[in-house]
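Every letter in the sequence shown is one number past the one before it in the working numbering, and letter 104, counting from 1, is 1272.
Glycine included, each C-beta is placed from N, C-alpha and C at the ideal position.
Quantities reported herein were computed from a predicted structural model and do not represent experimental measurements.
Below is one structure, written out as C-alpha cells, with a few remarks after it.
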Amino acid sequence: MKILVIHGPNLNLLGQREINVYGDQSLKEINNTLKELAKELGIELSIKQSNHEGEIVDFIQDAKDCHGILINPAAYTHTSVAIRDSIAAVDLPTVEVHLSNIYKREEFRKQSLIAPAALGQISGFGLQSYVLGLRALHTMLNAKK
Ligand code: DQA
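Here's what the structure looks like:
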C-alpha cells in the first residue's frame, strides 16, 4: 500500500511557528513518527511539503500510483478550490488533518473547502492528528480490498 503525505504552506516552520497553537515538534519529527508507523503497518510513504498551491495540485495529480492521500492543506484548507478539485479529480481516498482544532479558532478557519472532497477530517490532536489520519486511511483502504 502506497500513501502520499502532503504538508501545505508554513508547515516547514513547525517547531518555531506559533508553538502554543501547533506544538513544538518539527516537521522532521512528525515525518519520522509517520515513517515509523508506516513501517509497522506495511505502508510505503511518499512525503512532500510545499508553500505553493499549484505545486500541491501537481503532487496530487502525480499521485496516480498511490492508494490514498493524507494531507494537511494548512492555510489552503480555507481558500483553495484548486486543491479540492484536484482531490476530486484523482478520486483517491483522502484524509484531511489539522494539528489545531480549526473549529475552535478564528471564523475564517471554520470552513474547509477540502473536506467535501475528503473521506474524512481529523482536527485538533496535534501530532496525533497525523497518526490517527494515517491509521484511518490504512484501515479504510484495507476494508476496500
Ligand atoms: C492548520 C490550520 C490552518 O488553519 C492553518 O492555516 C495552518 C495549520 C493546522 O494544522 O492546524 O497552517 O492546517
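Notebook entry, point to check: Is R1130 near the ligand DQA, with its Cβ less than 7 angstroms from a heavy atom?
Noted result: Outside the displayed span of the chain (1169 to 1313) sits residue 1130, for which this structure offers no information.
Next item on the list: Select from V1265, E1186, A1206 and R1303 the residue whose C-alpha is nearest the C-alpha of A1286.
Entry: Ranked by how close their Cα comes to the Cα of A1286, the residues V1265, E1186, A1206 and R1303 have V1265 in first place.
Notebook entry, point to check: Is any heavy atom of the ligand DQA found at a distance shorter than 7 angstroms from the C-beta of N1188?
Noted result: Using a cutoff of 7 angstroms, the CB of N1188 does not count as near the ligand DQA, since none of the ligand's heavy atoms is closer than that.
Check: How is the beta strand (DSSP E) around L1213 delimited, first residue to last?
Finding: Boundaries of the beta strand (DSSP E) harbouring L1213: E1212 to Q1217, taken from the DSSP string.
Margin query: For the ligand DQA, I want to know if S1254 counts as a neighbour, meaning its beta carbon is within less than 7 angstroms of at least one of the ligand's heavy atoms.
Written below: No; taking the cut-off as 7 angstroms, the Cβ of S1254 has no heavy atom of the ligand DQA nearer than that.
Note to self: Using only Cβ atoms and a threshold of 6 angstroms, which residues come within that distance of a heavy atom of the ligand MN? Order them by chain position.
What the structure shows: In terms of ligand content, the structure shown lacks the ligand MN and carries the ligand DQA instead.
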